[in-house]
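Protein chains in written order, with our numbering: chain L, 1 to 419; chain Y, 420 to 1028.
Take a look at the structure:
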């Protein structure tokens, strides 16, 4: 079993501790003056260019069925293996002679035709896991079949911004995703912006709202970190609530907005965030049973939400700065099952969406006939290549080998990319 | 009479003295800065209440002033021995785990997935000890139901095991035994989602409690042959001719040496040595026909090694003792560990031939342990936070409201569910702005229980399963009931007779499995925390609001907040009571004290150990 890993030791937590990195984040955190709402926009404007580039990661949880998302209507094998679930040619939105999007994905079809949607075929990894939990952890840590404590987005933040300014990473969700777990950064994690605050009794407000103004003099490094985080919690929660209350958009995100309006609100408010992480939650795409109707709906919602997000970015004036990367923890098995659904599979599509993206299809289309012993697709692209594409190609951080524990060649996917 | 009240009378002198001299307290809390990285043992002359409190917080989960006082009265060597050499301490009052009878014969070996079960059933005419029906619709349904039943029941039972363990952590007179078990659980990590068998996880916990302060080599061999770990690391698919490196890699990278002390070739050779290792039900077996007993070259040694030989060679590497000693140090002391100190600690472990107890004693008696760099500088993990809170409140166990597993999971750590085999990252990664707010919300849930609390073990399944349950109750056929677009009450009559012909229905099986599971798994008792702050404060003979606040800060926090905050708390209590005189307020004292305690537990400093 070949492994992509280098034999040099990856940076372990032990090594980084040796380098005394803990001190860095804490002092930086205490010196960073959180800009007031009005000043934040100016700060961000000054950061335009490569520094303003932002990545939004959208996770479709549950294992999205790639074959019924981008339907290979030109391939007979697809209909042979899916006599009931196969989507007829008349029902797809064709993008070329071979593929077409599921019927409800008007948004994605338009984005593709406008050249703003990149599709990467056959993304996966060796020795794939069929467990939601395990496979998602591998995608979150970019360390398949290995153990890695920090998320790839967290490690990315550590590398491109080792001074760890507050609010650099925002994760919208009920809990912090492993993907954003970082050694140096304090990701802002919230779900409902209106509820991003501490539950408290009315009488307690005054005491709870007073956090130490300057923790610089505190000797205990852990205490300093906690005070900084508390301040960040107070500031970030205030910023988030304020950004949300000021956000007014005429754009129609459809039925399931997937938290993208929250991202748009923060971008519009000039949050200095460069990395956003959000998801279509609760394993929604885990379509084991009676797949077609529910899957079509899910795809419609997702497509509407992403297309609307791009429109909203145009309206805000930040469409040149933002790229959305979309993935799922695995695809689904090629043949349908007896419950008119599909079971957990392997390789899947990944998408990159945005004005900066060179639309088109990337990677090699996996074969529908040469399958693995479980009737699953054999991946043709290691998913870490797409991560490397985002990191090096979009965010212009060239050294991905350390970050991803291996050499993964980026695709040439962005207009601004220097190959 | 609540434990807290019984203790309060004895605390009078201590409480008043401490309350009166908080500034002096801080100066005594740690030794001189020069003590950092010095493993020289402290002397009896150095010993005091604060050092004892620090020891109990780290070697256990903290305690009440009475418990700390008992340790403070001993010499440091006696106190450390009491905690580390716990074998003489009686734990017969701790109840054993009250297991539900949920494991049916025929469930072993449990197939990896629902498709695997139904494939097996079609092929053999039975699976999971249940036969395929000879005729009729959904002939495989009972088998599918049983599959989902086990997944649900084992998950629920694992939550009960977690509760049992949490209760032990709160109540055990051997706190270090439980804390070491927690350490090993995070080190030799496996989780319920993959293992799917509460018996295996309970077995691991029992192993960690029994051998946690024993010999590391023996413990490693035991966990490498543990059915839960073998399942978690796919040992079963590691066979001669097709070795799976997962197990060998994790053993070397995460469990023993750490990255950088072996090559990929070593991993492949080690994997060969582990081939054939598997388990049958709860017993370790070596399938000799699947074992590659050829010659291997591993870490410079040559021989026809098997898995145990490989582990022994690993133990001979200097890197192993350094790595493990370092990890133990970081768990109990602090994250920053200098290479020199790590080597010294590794040497201690090596010299004791991998006995853990001498290393712990060295650490807990060292000047470094009581240096300012180590005292009050650790961030409590969610489990530590919860358990130490319960201990300091004088509780006998973990309350049922809020649910311990839900609460700690929301804070980022659920027992038996580490996110990956690397365990939990720990340190500062426990804290994000949202999580800091969440910790304060957790404190609120303990002090002011939610009257709308829904027990998760009786409100099972996601919305989908509940929808199916509702529709089945309305009399819908299974096909219609498990369709997505059907809304309750909106199905046309014609559709109600639309039962499809199929071998089985997965979604129905998921519903039915949940139902079977709650028939057989006992509910977790839903008592709330029995807290009596007014008797605690009045029993300590405190008179003023300032004394009450100082007492509570001292009792519950290891690092006090700054003076401005302290004054705000006093003012707050005064406003709530309408007086500074506690005796005037004695008939309505409880709620204001709880509010103060919530404010205290909301302080950033409350997270520090």
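The beta-carbon is built from N, C-alpha and C at its ideal position, and this holds for glycine as well.
Three or more beta-carbon pairs drawn from the segment 112-129 of chain L and the segment 345-359 of chain L are found closer than 8 angstroms, and the two stretches are therefore classed as touching. By the Cβ-count criterion, residue 1003 (chain Y) is exposed, with fewer than 16 other Cβ atoms from all chains shown falling within 10 Å of its own Cβ. CA-to-CA, the gap between residue 731 (chain Y) and residue 480 (chain Y) works out to about 34 angstroms. Contacts with chain L (Cβ-Cβ distance below 8 angstroms) from the segment 789-806 of chain Y involve 791, 795, 796, 797, 798, listed in chain order.
Exposure of residue 463 (chain Y) is indicated by the presence of fewer than 16 other C-beta atoms within 10 angstroms of its C-beta.
Within the segment 740-778 of chain Y, complete beta strand (DSSP E) segments of at least 3 residues are not found at all.
Contact note: residue 875 (chain Y) does not reach chain L at a C-beta cutoff of 7 angstroms; the least C-beta distance is about 14 angstroms. With a contact defined as Cβ atoms closer than 8 angstroms, residue 340 (chain L) and residue 290 (chain L) qualify at about 5 angstroms. Taking 9 angstroms as the Cβ-Cβ cut-off, the segment 130-154 of chain L approaches chain Y at 130, 131, 132, 133, 134, 137, 138, 140, 141, 143, 145, 146, 147, 148, 149, 150, 154, given in chain order. For residue 715 (chain Y), the uninterrupted beta strand (DSSP E) segment begins and ends at 715-717. 9 angstroms or more divides the Cβ of residue 599 (chain Y) from the Cβ of residue 623 (chain Y). Residue 947 (chain Y) carries a strand assignment under DSSP once its states are collapsed to helix, strand and coil.
By the criterion of at least three beta-carbon pairs nearer than 8 angstroms, the segment 270-280 of chain L is in contact with the segment 162-173 of chain L. The bridge partners DSSP lists for residue 720 (chain Y) are Y:717. Chain-ordered listing is empty here: chain L has no CB closer than 7 angstroms to the CB of residue 650 (chain Y), the nearest sitting near 12 angstroms. Cα atoms of residue 695 (chain Y) and residue 567 (chain Y): separation of roughly 29 angstroms, rounded to the nearest angstrom. For residue 73 (chain L), the three-state secondary structure derived from DSSP is coil. Counting C-beta atoms within 10 angstroms of its own C-beta, residue 978 (chain Y) has 16 or more neighbours from the protein chains shown and is therefore classed as buried.
Neighbours of residue 1016 (chain Y) in chain L, taken as residues at a C-beta separation under 8 angstroms, are lacking, since the least C-beta distance is about 11 angstroms.
For residue 980 (chain Y), the CB contacts under 6 angstroms within the same chain, skipping 5 residues up- and downstream, are 1022, 1024 in chain order. Pairing residue 90 (chain L) with residue 69 (chain L) gives a Cβ-Cβ distance that is not under 9 angstroms.
In the displayed model, residue 344 (chain L) falls within a strand according to three-state DSSP. The beta-carbon of residue 69 (chain L) is placed no less than 9 angstroms from the nearest beta-carbon of chain Y. As for any beta strand (DSSP E) of minimum length 3 sitting wholly inside the segment 186-239 of chain L, the runs are 188-190, ordered along the chain. Excluding sequence positions up to five before and after residue 1020 (chain Y), its CB lies within less than 6 angstroms of the CB of 862, all in the same chain and listed in chain order.
Residue pairing of residue 699 (chain Y) in beta bridges, as defined by DSSP: Y:702.
Counting only runs of at least 4 residues, the segment 970-1022 of chain Y fully encloses the following alpha helix (DSSP H) elements, listed from N- to C-terminal order: 982-996, 1009-1020.
Note that the segment 852-872 of chain Y does not touch the segment 238-247 of chain L; fewer than 3 beta-carbon pairs, one per stretch, sit closer than 8 angstroms.
Under DSSP, residue 280 (chain L) takes part in a beta bridge, and its partners are L:60. Residue 670 (chain Y) carries a helical assignment under DSSP once its states are collapsed to helix, strand and coil.
Secondary structure within the segment 352-413 of chain L: the alpha helix (DSSP H) runs of 4 or more consecutive residues, fully enclosed, are 383-388, 401-404 (chain order). The closest CA to that of residue 608 (chain Y), considering only Y:499, Y:843, Y:824, is found on Y:843. Closest by C-alpha distance to residue 503 (chain Y), out of Y:477, Y:822, Y:794, is Y:477. Closest in C-alpha terms to residue 59 (chain L), from the list L:382, L:283, L:368, L:288, comes L:283.
Contact annotation: in the segment 254-279 of chain L, no residue has its CB less than 9 angstroms from a CB in chain Y.
Between residue 989 (chain Y) and residue 965 (chain Y), the CB-CB gap stays under 9 angstroms.
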